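Here the structure is laid out as structure tokens; the discussion comes afterwards.
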Amino acid sequence: MDGNDKPLVWLHGEIKTPPFSQDARIEVGVLLRRLQQGENLGMPHSRPMPSIGAHCHELRVRDADQNWRIIYRIDDDAILLLKSLIKLLDQHPIM
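Note that full-length UniProt numbering numbers the sequence shown so that position 29 is 29, with each residue one more than the last.
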């Protein structure tokens, strides 16, 4: 991690907690690294979620047979990873 990179702060668990495949874990790791370095990710990888809160986004990851979402917030000093979940509906959960 470079001195200018934002740290990742997990509110609950870590990326190994849900049963991600190895390929999905690698993809999540690459995307989180890009976020740490200050890159603004857009679709199809990330989408703003203002209905959840200011500066909140969902990281979108396709796995072998499931679609995962990681809800995160970008703060000035860190990236807060709030929740990981399996995408089941065409709606987003109210947190």
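Idealized CB from N, CA, C, for every residue including glycine. Every value quoted in this text rests on a predicted model; they were computed, and no experiment measured them.
Just reading off the beta strand (DSSP E) that LEU81 is part of, what are its end residues?
79 to 86
Proximity test, Cβ basis, 8 Å: ASP23 and chain B
You won't find chain B in this structure, because it holds only one protein chain.
Sequence-distant residues of the same chain with beta carbon closer than 8 Å to PRO50, five excluded per side
CYS56
Relative to the C-alpha of LEU31, which candidate in PRO48, LEU59, ILE52 and HIS12 has its C-alpha closest?
LEU59
C-alpha distance - PRO19 paired with ASN4, whole-angstrom precision
31 Å
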